[in-house]
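Here the sequence shown stands for residues 6 to 440, numbered as in the UniProt record's numbering. Every residue, glycine too, gets a C-beta built ideally from N, C-alpha and C. All of these numbers come straight from a predicted model, not from anything done at the bench. Worksheet: the structure to be examined is printed underneath.
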Amino acid sequence: LGSSLQDALKKLVNSGRIDEKSVNDVVKDIQRALLQADVNVQLVMNMSKQIKERALKEEVPSGMNPREHVIRIVYQELINIIGEGTEINLEPQTIMMIGLQGSGKTTTTSKLARYFQKKGLKPAVICADTFRPGAYHQLKSLCDKNSIPFYGEEGNEDSLGIVERGMDKLGKYDVLIIDTAGRHSLEQDLIEEMEQINSIAKPDKKLLVLDAAIGQQASEQARAFNESIGISGVVITKLDGTAKGGGALSAVSETNSSIAFIGVGETSGDLEKFEPDRFISRLLGMGDIRSLIEKAEESLSEEELDVESMMQGRFTLKDMYKQLEAVNKMGPLKQVMQMMPGGMGQNISEEQFQVTSEKLSRYRIIMDSMTVDEMDDPKLIGSSRIKRISRGSGSKPDDVRELLKYHKTMQNAMKNFRGAGKFNMKKMMKKFGMQ
Ligand code: GDP
Ligand code: MG
6 LGSSLQDALK KLVNSGRIDE KSVNDVVKDI QRALLQADVN VQLVMNMSKQ IKERALKEEV
66 PSGMNPREHV IRIVYQELIN IIGEGTEINL EPQTIMMIGL QGSGKTTTTS KLARYFQKKG
126 LKPAVICADT FRPGAYHQLK SLCDKNSIPF YGEEGNEDSL GIVERGMDKL GKYDVLIIDT
186 AGRHSLEQDL IEEMEQINSI AKPDKKLLVL DAAIGQQASE QARAFNESIG ISGVVITKLD
246 GTAKGGGALS AVSETNSSIA FIGVGETSGD LEKFEPDRFI SRLLGMGDIR SLIEKAEESL
306 SEEELDVESM MQGRFTLKDM YKQLEAVNKM GPLKQVMQMM PGGMGQNISE EQFQVTSEKL
366 SRYRIIMDSM TVDEMDDPKL IGSSRIKRIS RGSGSKPDDV RELLKYHKTM QNAMKNFRGA
426 GKFNMKKMMK KFGMQ
């Protein structure tokens with residue numbers, strides 16, 4: 006659940022004011038999340054220092070609680086590094102793709118062509134990769150799928166000549182995208198080839214393509230390409246996998262550039278414009294941070310969930326009631342869960358959600374018929390009390406038993422939950438009999 010981070014933030018809001026220890030706790034958790042996401046250690050350290058200083062020094066803006074204050078600073082610092090994103094305008098232009106082998110240049114070339122095509126421009130593609138066997142056919146077949154004009158010369162190793170002739174032949178199209186060769190590792194001959202193509206094609210944009218899993222080599226690559234031909238922006242591919250793309254932060258800070266697009270799959274439609282908010286949420290291992298905070302603010306501030314005591318394994322019916330209330334206030338369950346980290350809600354069908362929220366409201370009605378003592382200590386509830394509660398709430402005794410069972414499972418889960426790190430919402434719901 007990015008759970009330790011959220012717990013730390015929780016503590017911060019409970020403490021009600023900013024003190025050094027609580028800021029340190031939050032920063033420690035943020036460090037952990039960022040390092041796990043492959044962000045460069047030095048970057049993380051510099052940023053942490055900045056966050057601590059600002060969190061303690063800057064006055065908490067009125068109408069904002071300490072937690073919002075810190076999160077806002079974390080956000081701003083990350084945005085500072087990562088930038089708002091590189092805008093690739095919808096206008097006639099030449100774009101050159103660069104990067105190592107396997108980074109996703111060819112795939113991204115075809116995705117970009119498709120992107121412009123869908124926006125009503127006329128793109129065309131040149132294959133200047135004469136290094137990798139099969140490069141010509143790979144790109145040609147990707148282009149053919151979307152009827153995108155393509156120029157290449159199979160078997161010819163003269164990449165500069167190909168670029169020249171390709172630009173000549175395809176000059177009437179709006180957007181020319183040049184796919185180039187890579188190497189397994191950064192090599193001088195690759196840099197030289199890029200310099201030559203750059204001077205012939207004079208591209209308006211040069212996009213460095215990086216695999217999300219690249220990690221710390223990102224900064225070396227970015228620096229080398231930037232020093233030789235200059236980089237206009239970065240594309241991070243394979244963000245549909247487990248890698249979070251933290252290495253790209255080094256690349257953009259190294260080159261003073263920013264991310265233009267992200268690749269989220271292998272087909273031509275799997276390209277998204279870069280959105281810093283989403284990227285940062287992913288880096289921190291939290292869901293849609295902004296809206297999660299906004300929503301949680303509204304609901305949790307009134308009646309705090311006693312997370313601490315829940316974690317200790319003391320989880321009464323009252324706690325459960327409060328929890329259901331909070332979830333209820335936060336909005337439709339589906340929406341809440343979709344805001345959770347890791348897209349927990351995504352694998353759950355509409356129908357399952359329906360059942361779930363129905364069940365929750367039924368439980369709430371039953372609990373409204375319980376006494377305070379019963380809520381505090383459910384063990385008091387024997388069969389005669391079950392009868393009374395079921396009558397009072399207009400439900401069946403079996404429903405009350407089901408609720409008590411649900412509470413028990415939940416109580417146990419809360420015990421296990423402690424220190425469990427990530428938890429799987431779907432599994433948890435199954436355990437609770439909510440599906
Ligand atoms: P190049 O050597 O830089 O041209 O890289 P390619 O475009 O040939 O891509 C290398 C591999 O990565 C291919 O198998 C692609 O299908 C795959 N690939 C590229 N981009 C993505 C992406 O965004 N997501 C996924 N899952 N795979 C990708
Ligand atoms: Mg390629």
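Exercise for the section: Take K57 as the anchor and find which of V44, E407 and P71 has the nearest alpha-carbon. Expected result: As a first step, residue 57 must be located in the sequence shown, where it is residue number 52. Minimum Cα distance to K57 is reached at P71.
Handout entry: Start-to-end residues for the beta strand (DSSP E) that takes in I131
Key = Here residue 131 corresponds to residue number 126 of the sequence shown, with the count starting at 1. For I131, the enclosing beta strand (DSSP E) begins and ends at P128 to A133.
Exercise for the section: Please confirm if the stretch 122-131 is in contact with the stretch 245-265, defined as three or more CB-CB distances below 8 angstroms between the two stretches. Expected result: Too few Cβ pairs lie closer than 8 angstroms, so no.
Practice task
Compare the C-alpha of D282 against each of K33, N51 and I76 and name the closest.
Solution key: In the sequence shown, the residue the question calls residue 282 occupies position 277. Measuring from the Cα of D282, the nearest candidate turns out to be I76.
Practice task
Compute the Euclidean distance between the alpha carbons of I236 and I86, then round it to the nearest angstrom.
Solution key: Position 231 of the sequence shown holds residue 236. Position 81 of the sequence shown holds residue 86. Approximately 16 angstroms between the Cα atoms of the pair.
Handout entry: Limits of the unbroken beta strand (DSSP E) element including I182
Key = As a first step, residue 182 is located in the sequence shown; it is residue number 177 there, counting from the start. Run containing I182: V180 to T185, per the beta strand (DSSP E) assignment.
Handout entry: Which listed residue (D149, Q143, K145 and T135) has its alpha carbon closest to that of L165
Key = Locating residue 165 in the sequence shown gives position 160, where the first residue counts as 1. That would be T135, whose Cα lies nearest to the Cα of L165.
Problem - For I100, the first and last residue of its enclosing beta strand (DSSP E) - result: By one-based count along the sequence shown, residue 100 stands at place 95. It spans Q98 to I103 - the beta strand (DSSP E) in which I100 sits, taken as one unbroken run.
Handout entry: G171, enclosing alpha helix (DSSP H) - first and last residue
Key = As a working mapping, residue 171 is identified with position 166 in the sequence shown. Looking at the DSSP string, the run of the alpha helix (DSSP H) that includes G171 is S164 to K174.
Practice task
To the nearest angstrom, report how far apart M50 and R37 are at their CA atoms.
Solution key: Taking the sequence shown and counting its residues from 1, the one referred to as residue 50 is at position 45. Taking the sequence shown and counting its residues from 1, the one referred to as residue 37 is at position 32. Rounded to the nearest whole angstrom, the C-alpha separation of M50 and R37 is 11 angstroms.
Exercise for the section: May I ask which residues mark the beginning and end of the alpha helix (DSSP H) holding E158? Expected result: As a working mapping, residue 158 is identified with position 153 in the sequence shown. Unbroken run through E158: none, as it is neither H nor E.
Handout entry: Limits of the alpha helix (DSSP H) - the one that A206 falls within
Key = Locating residue 206 in the sequence shown gives position 201, counting from the first residue. First-last of the alpha helix (DSSP H) with A206: Q193 to A206.
Exercise for the section: Would you mind working out which of V79, D324 and S115 sits nearest M101, comparing C-alpha positions? Expected result: Counting from 1 along the sequence shown, the entry for residue 101 is found at position 96. The candidate whose alpha carbon is nearest that of M101 is S115.
Practice task
Pick out whichever of L39, K33, D34 and V31 has its Cα sitting closest to the Cα of I285.
Solution key: Along the sequence shown, read from residue 1 onward, the residue named residue 285 stands at position 280. Closest by alpha carbon: L39.
Handout entry: Range of the contiguous alpha helix (DSSP H) that encloses A118
Key = On the sequence shown, position 113 is the one that residue 118 refers to. Going by DSSP, A118 is part of the alpha helix (DSSP H) stretching over K110 to K123.
Practice task
Please report how far the alpha carbon of R59 lies from the alpha carbon of E271, in whole angstroms.
Solution key: Here residue 59 refers to the residue found at position 54 when the sequence shown is read from its first residue. Here residue 271 refers to the residue found at position 266 when the sequence shown is read from its first residue. Whole-angstrom Cα-Cα distance: 42 angstroms.
Handout entry: Neighbourhood of L126 by C-beta distance below 7 angstroms, restricted to the same chain and skipping five residues each side
Key = Within the sequence shown, residue 126 is the residue found at index 121, counting from 1. Excluding sequence neighbours, L126 sits near L95, D179 and V180.
Practice task
Starting from V214, follow the beta strand (DSSP E) in both directions and report where the run begins and ends.
Solution key: Counting from 1 along the sequence shown, the entry for residue 214 is found at position 209. Start and end: K210 to D216.
Practice task
Taking all protein chains shown into account, decide if G109 is buried (16 or more other Cβ within 10 angstroms of its Cβ) or exposed.
Solution key: If you number the sequence shown from 1, residue 109 lands on position 104. G109 counts as buried, since at least 16 other C-beta atoms from the protein chains shown sit within 10 angstroms of its C-beta.
Practice task
Please classify L95: does DSSP put it in a helix, a strand, or coil?
Solution key: Taking the first residue of the sequence shown as position 1, residue 95 is located at position 90. DSSP places L95 in coil when its eight states are reduced to three.
Practice task
Pull up the DSSP beta-bridge partners for T242, would you.
Solution key: As a position in the sequence shown, residue 242 is number 237, starting the count at 1. Beta-bridge annotation (DSSP): T242 is paired with D216.
Exercise for the section: Return the chain-ordered list of same chain residues with a C-beta closer than 6 angstroms to the C-beta of I93, the five sequence neighbours on each side being excluded. Expected result: By one-based count along the sequence shown, residue 93 stands at place 88. For I93, same chain residues with a beta-carbon under 6 angstroms away, outside a window of 5 residues either side, are A265 in chain order.
Handout entry: Backbone CA spacing between T376 and D24 [nearest angstrom]
Key = Locating residue 376 in the sequence shown gives position 371, counting from the first residue. Locating residue 24 in the sequence shown gives position 19, counting from the first residue. Straight-line Cα distance between these residues: approximately 40 angstroms.
Exercise for the section: Spatial neighbours of I205 within its chain, please: CB distance less than 7 angstroms, with the 5 preceding and 5 following residues excluded, ordered by chain position. Expected result: Taking the first residue of the sequence shown as position 1, residue 205 is located at position 200. Listed in chain order, the non-local C-beta contacts of I205 below 7 angstroms within the same chain comprise L165, V168 and E169, local neighbours out to five positions each way being set aside.
Handout entry: C-alpha gap between D245 and L276, whole angstroms
Key = Within the sequence shown, the letter at position 240 stands for residue 245. Within the sequence shown, the letter at position 271 stands for residue 276. Computed Cα separation, rounded: 10 angstroms.
Handout entry: Distance between beta carbons of G268 and T242, contact taken as under 8 angstroms
Key = On the sequence shown, residue 242 is found 237 positions in, with the first residue counted as 1. On the sequence shown, residue 268 is found 263 positions in, with the first residue counted as 1. That pair is a contact at about 4 angstroms.
Problem - Neighbour-count burial assignment, P138, 16 or more Cβ in a 10 Å radius - result: The residue labelled residue 138 in the question sits at position 133 within the sequence shown. It is exposed - the Cβ of P138 has fewer than 16 other Cβ atoms within 10 Å.
Exercise for the section: Take residue 446 as the anchor and find which of R228, G107 and N203 has the nearest alpha-carbon. Expected result: Only positions 6 to 440 of the chain appear in the structure, and residue 446 is not among them; the question remains open.
Practice task
Grab me the residues of S20's own chain with a C-beta within less than 6 angstroms of its C-beta, minus the 5 sequence neighbours each way, in chain order.
Solution key: The sequence position of residue 20 within the sequence shown is 15, counting from 1. At S20 the pLDDT is 49, less than 50, meaning the model places this residue with poor confidence; the figure from the coordinates comes in the next sentence. Scanning its chain for C-beta atoms nearer than 6 angstroms, with the 5 sequence neighbours on each side dropped, one finds around S20 the residues S27, in chain order.
Handout entry: Proximity winner among E200, P383 and T185, relative to V214 (alpha-carbon distances)
Key = Locating residue 214 in the sequence shown gives position 209, where the first residue counts as 1. Of the candidates E200, P383 and T185, the residue whose Cα lies closest to the Cα of V214 is T185.
Practice task
Run the CB neighbour count on Q226, radius 10 Å, all protein chains shown included, and call it buried at 16 or more, exposed below.
Solution key: As a working mapping, residue 226 is identified with position 221 in the sequence shown. Here Q226 is buried. Its C-beta has 16 or more other C-beta atoms within 10 Å.
Practice task
Determine contact between the stretch 150-161 and the stretch 190-205, defined as no fewer than three beta-carbon pairs at a distance below 8 angstroms.
Solution key: Result no; under three Cβ-Cβ pairs closer than 8 angstroms.
Problem - Pairwise C-alpha distance: R406 and I391 - result: Residue mapping note: residue 391 aligns to position 386 of the sequence shown, counting from 1. Residue mapping note: residue 406 aligns to position 401 of the sequence shown, counting from 1. One Cα belongs to I391, the other to R406, and the distance between them is close to 7 angstroms.
Problem - Close-in-space but distant-in-sequence residues of the same chain around Y141 (CB under 6 angstroms, 5 per side omitted) - result: As a working note, residue 141 is residue 136 in the sequence shown. Excluding positions up to five away in sequence, the list reads C132, G157 and E159.
Problem - Beta-bridge pairing of L276 - partner residues as DSSP gives them - result: What you label residue 276 is simply residue 271 of the sequence shown in a count that begins at 1. Bridge partners of L276: G268.
Handout entry: DSSP state of E232 mapped onto helix, strand, coil
Key = Translated into positions along the sequence shown, residue 232 becomes position 227. For E232, the secondary structure class from DSSP, reduced to helix, strand or coil, is helix.
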